[in-house]
Amino acid sequence: RRGDQLIVESHRSVDARRVAAFAPIALDACHDLAASVVHYVARTRVPIVLDNAAKSGAFLGDAYVLRTQPRSVIAVPILRNGELDGVLYLENNQAPDAFTPHRVEVLSLLSSQAAISIENATLYEDMEARVQQRTVELADANDKLTSNIELLQRTQRELVEASRMAGMADVAATVLHEVGNALNGV
Numbered sequence: 010r011r012g013d014q015l016i017v018e019s020h021r022s023v024d025a026r027r028v029a030a031f032a033p034i035a036l037d038a039c040h041d042l043a044a045s046v047v048h049y050v051a052r053t054r055v056p057i058v059l060d061n062a063a064k065s066g067a068f069l070g071d072a073y074v075l076r077t078q079p080r081s082v083i084a085v086p087i088l089r090n091g092e093l094d095g096v097l098y099l100e101n102n103q104a105p106d107a108f109t110p111h112r113v114e115v116l117s118l119l120s121s122q123a124a125i126s127i128e129n130a131t132l133y134e135d136m137e138a139r140v141q142q143r144t145v146e147l148a149d150a151n152d153k154l155t156s157n158i159e160l161l162q163r164t165q166r167e168l169v170e171a172s173r174m175a176g177m178a179d180v181a182a183t184v185l186h187e188v189g190n191a192l193n194g195v
């Protein structure tokens, strides 16, 4: 789930010859599952088990169900603190009645753990982004500080040189004054 839109983050298709993985896609654009089942579970936050989805149940009119005639379907909400994080959707096209109430309990427990893991991963990602941003800010501040130190050192050298020059001017003035006094005496 991203905002109010349901996204199929990961889905797999397994048949006798291959396993295929697909990139994330909007639920309504995905044609590899019964979207109406997922919408129902997302809206009600109640798990659903369809023993023979192609033969009975409230989702017989779903385009995917009509096209693929799935047998067993289970969809379990992934909840964290009562908020929906996602929906776990599984189907078995080999046999009806593949999913039992016990499996709903197990999947609910696993989905709760998945929600916690997703939250931890999100927090870690946010923290990592903040650390990276702070590192850039500190590097910029360090560059400014280094630049200011170099400016101060250059100014200090100029002041020392000016002071030395002023000291030499005083010595020259004193020498000239003494020479002038000596010449006046002569």
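Numbers given in my numbering equal positions in the sequence shown, counted from 1, plus 9.
Here a beta-carbon is modelled for each residue, glycine too, at the ideal position from N, C-alpha and C.
Just so it is clear, the structure is predicted and the values come from calculations on it, not from any experiment.
Residue 105 in three-state terms, based on DSSP: Residue numbering aside, residue 105 sits at position 96 when the sequence shown is read from its first letter. Coil at residue 105, not helix or strand.
Between the CA atoms of residue 73 and residue 42 - distance to the nearest angstrom: Here residue 42 corresponds to residue number 33 of the sequence shown, with the count starting at 1. Here residue 73 corresponds to residue number 64 of the sequence shown, with the count starting at 1. Straight-line Cα distance between these residues: approximately 6 Å.
Quick one: Cα of residue 128 to Cα of residue 163, how far? Walking along the sequence shown from the start, residue 128 turns up at place 119. Walking along the sequence shown from the start, residue 163 turns up at place 154. Straight-line Cα distance between these residues: approximately 52 Å.
Unbroken alpha helix (DSSP H) runs of length 4 or more, entirely within the segment 59–116: which are they? The qualifying runs are 72–77.
Given a cut-off of 8 Å, decide if residue 56 and residue 86 are closer than it, judged by their beta-carbon atoms. Counting from one through the sequence shown, the residue named residue 86 turns up at place 77. Counting from one through the sequence shown, the residue named residue 56 turns up at place 47. Yes, these two residues count as a Cβ contact at 8 Å.
Contact defined as beta carbons within less than 8 Å: I believe residue 116 pairs with residue 97. What is the distance between those atoms, to the nearest angstrom? By one-based count along the sequence shown, residue 116 stands at place 107. By one-based count along the sequence shown, residue 97 stands at place 88. The Cβ separation is near 6 Å, so the contact holds.
Alpha carbon to alpha carbon, how far is residue 15 from residue 105? Residue mapping note: residue 15 aligns to position 6 of the sequence shown, counting from 1. Residue mapping note: residue 105 aligns to position 96 of the sequence shown, counting from 1. In this structure, the straight-line span from the alpha carbon of residue 15 to that of residue 105 is close to 27 Å.
Cβ of residue 36 within 8 Å of Cβ of residue 17? Looking up residue 36 in the sequence shown gives position 27. Looking up residue 17 in the sequence shown gives position 8. For residue 36 and residue 17, yes; Cβs fall inside 8 Å.
Who does residue 17 pair with in a DSSP beta bridge? To locate residue 17, count along the sequence shown from 1; it is residue 8. Beta-bridge analysis with DSSP links residue 17 to 34.
Three-pair Cβ contact test at 8 Å for the segment 66–82 versus the segment 45–54: Yes: the two stretches touch, three or more of their Cβ pairs being nearer than 8 Å.
Please report the distance separating the alpha-carbon of residue 146 from that of residue 156. Residue numbering aside, residue 146 sits at position 137 when the sequence shown is read from its first letter. Residue numbering aside, residue 156 sits at position 147 when the sequence shown is read from its first letter. Straight-line Cα distance between these residues: approximately 15 Å.
So the alpha helix (DSSP H) residue 52 belongs to, where does it begin and stop? Along the sequence shown, read from residue 1 onward, the residue named residue 52 stands at position 43. It spans 44–53 - the alpha helix (DSSP H) in which residue 52 sits, taken as one unbroken run.
Buried or exposed by the 16-neighbour rule on C-beta atoms within 10 Å, applied to residue 120: Position 111 of the sequence shown, counting from 1, holds the residue named residue 120. With 16 or more neighbouring CB atoms inside 10 Å of its own CB, residue 120 falls in the buried class.
Just tell me which of 19, 137 and 62 has its CA closest to the CA of residue 108. Working through the sequence shown from its first residue, we reach residue 108 at position 99. Comparing Cα positions, the closest option is 62.
For residue 79, count neighbouring Cβ atoms within 10 angstroms of its own Cβ and tell me buried if that reaches 16, exposed if not. Start at 1 with the first residue of the sequence shown, and residue 79 comes out as number 70. So residue 79 counts as buried.
Answer with buried or exposed for residue 176, where buried requires no fewer than 16 other C-beta atoms within 10 angstroms of its C-beta. Residue mapping note: residue 176 aligns to position 167 of the sequence shown, counting from 1. So residue 176 ends up on the exposed side.
Closest Cα partner of residue 91 within the set 60, 103, 124 and 192: The residue given as residue 91 occupies position 82 in the sequence shown. For the residues 60, 103, 124 and 192, the minimum Cα distance to residue 91 belongs to 124.
Sequence-distant residues of its chain with Cβ nearer than 8 Å to residue 88 (five each side left out): Position 79 of the sequence shown holds residue 88. So the qualifying residues of the chain are 54, 94, 120, 121 and 124.
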